[in-house]
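In our numbering, the protein residues as written are 40 to 330.
Quick reminder that beta carbons are idealized off the backbone N, C-alpha and C, glycines included.
Single-structure report; data block below.
Pasting the structure below:
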């Protein structure tokens, strides 16, 4: 009589099965990690695109609503921020692009510029960022403009940004440039003391005072969240004695993962102001407050 022996797994079989199971678990963990990173990057891209598009829309609307005449000036200054690095522009002007107040248009003096800020991430690492700022202050139609007589270069005389409401429009900016086209289809920037800028109170490259540029192109380049921390930490280190090589490497990282946004705006008041100028008529741009 033969008895049937109970069959079981050998130690080698059990260890082999455990090894295969561990390998599968590791592969699944890697897949989930990659998926989580993809979701995080996607959320970062969505946040960056949303902020950049909203900021660009604010800029374009403000430029289109720009008011320029003999009392109210506009000023565009290239490379006002981080001149030795990215070269970040700034702009001052009055706009009517804001919402209606009590049936009348709201006039605002606005200042678009890039500010260097220090932040700390979740791990406590400090890093520098360049944030596009939007400063604004409401003005009345009978209030004398900062470009009043005797103060043609009002942006150098009046430190009025401190009295303006300021907010971050777009974070992690690596390029912020204005390209101004004059009414002769040439560059509207005018050279003064070796520096190119545009001030309507002084006249652009065509020499005509009291008119805005015919067309303004806006170029914005924005870094991703992760590269902003990585590159910004190197910029922070360079600023605190880390050397120029750290700064160069930090800027390379910021630019590597950046996205470009481009917009074009035409100041609505421009054609009427230009026609008045070439016709030799008084330079007054009438704004109907009821519209």
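Inter-residue spacing [alpha-carbon to alpha-carbon] between residue i and residue j
i: residue 133; j: residue 299; result: 27 Å
i: residue 332; j: residue 99; result: A query on residue 332 cannot be resolved here, the shown segment of the chain reaching from 40 to 330 and no further.
i: residue 206; j: residue 154; result: 11 Å
i: residue 236; j: residue 94; result: 23 Å
i: residue 130; j: residue 301; result: 17 Å
i: residue 220; j: residue 254; result: 5 Å
i: residue 173; j: residue 151; result: 5 Å
i: residue 257; j: residue 148; result: 19 Å
i: residue 313; j: residue 222; result: 8 Å
i: residue 51; j: residue 72; result: 31 Å
i: residue 316; j: residue 246; result: 11 Å
i: residue 308; j: residue 208; result: 25 Å
i: residue 62; j: residue 70; result: 12 Å
i: residue 304; j: residue 159; result: 36 Å
i: residue 276; j: residue 217; result: 30 Å
i: residue 178; j: residue 161; result: 41 Å
i: residue 86; j: residue 211; result: 12 Å
Close beta carbons around residue i, own chain, < 7 Å, minus the five adjacent residues each side
i: residue 318; result: none
i: residue 113; result: 105, 107, 131, 132, 239 and 251
i: residue 266; result: 292, 293, 295 and 296
i: residue 48; result: none
i: residue 278; result: 167
i: residue 116; result: 128, 129 and 236
Cβ-based burial, residue i [other Cβ within 10 Å; buried from 16]
i: residue 280; result: exposed
i: residue 215; result: buried
i: residue 268; result: buried
i: residue 228; result: buried
i: residue 171; result: buried
i: residue 331; result: There is simply no residue 331 to check, as the chain begins at 40 and stops at 330 in what is shown.
i: residue 67; result: exposed
i: residue 135; result: buried
i: residue 24; result: The question about residue 24 has no answer here: the residues shown for the chain are numbered 40 through 330.
6 Å CB neighbourhood of residue i in its chain, flanking five on each side removed
i: residue 118; result: 126
i: residue 273; result: 285, 288 and 289
i: residue 270; result: 289, 292 and 293
i: residue 36; result: Residue 36 cannot be examined here, being either before or after the span of the chain that is shown, 40 to 330.
Same chain, Cβ closer than 8 Å to residue i, five either side skipped, listed in chain order
i: residue 287; result: none
i: residue 88; result: 298
i: residue 124; result: 286 and 290
i: residue 213; result: 125, 169, 260, 261, 262, 290, 293, 294 and 297
i: residue 183; result: Here the model assigns residue 183 a pLDDT of 45, short of 50, so the residue's position is not dependable and the matter cannot be decided.
Any C-beta of chain C under 8 Å from that of residue i
i: residue 167; result: The structure shown has no chain C; it contains just one protein chain.
Residue i, DSSP secondary structure in three states
i: residue 208; result: strand
i: residue 125; result: coil
i: residue 245; result: coil
i: residue 145; result: coil
i: residue 310; result: helix
i: residue 346; result: Since the first residue of the chain shown is 40 and the last is 330, residue 346 is not available in this structure.
i: residue 315; result: helix
i: residue 213; result: strand
i: residue 261; result: strand
i: residue 171; result: strand
i: residue 105; result: strand
i: residue 152; result: strand
i: residue 302; result: strand
i: residue 187; result: Model confidence at residue 187 stands at a pLDDT of 42, short of 50, so the residue's coordinates are unreliable and nothing is read from them.
i: residue 165; result: strand
i: residue 203; result: coil
i: residue 253; result: coil
i: residue 86; result: helix
Near the ligand NAP: residue i beta-carbon under 7 Å from a heavy atom
i: residue 127; result: Among the components of this structure there are no ligands whatsoever, and the ligand NAP is therefore not found.
Quick test of the definition: if touching needs 3 or more C-beta pairs under 8 Å, does the stretch 101-112 touch the stretch 237-251?
yes
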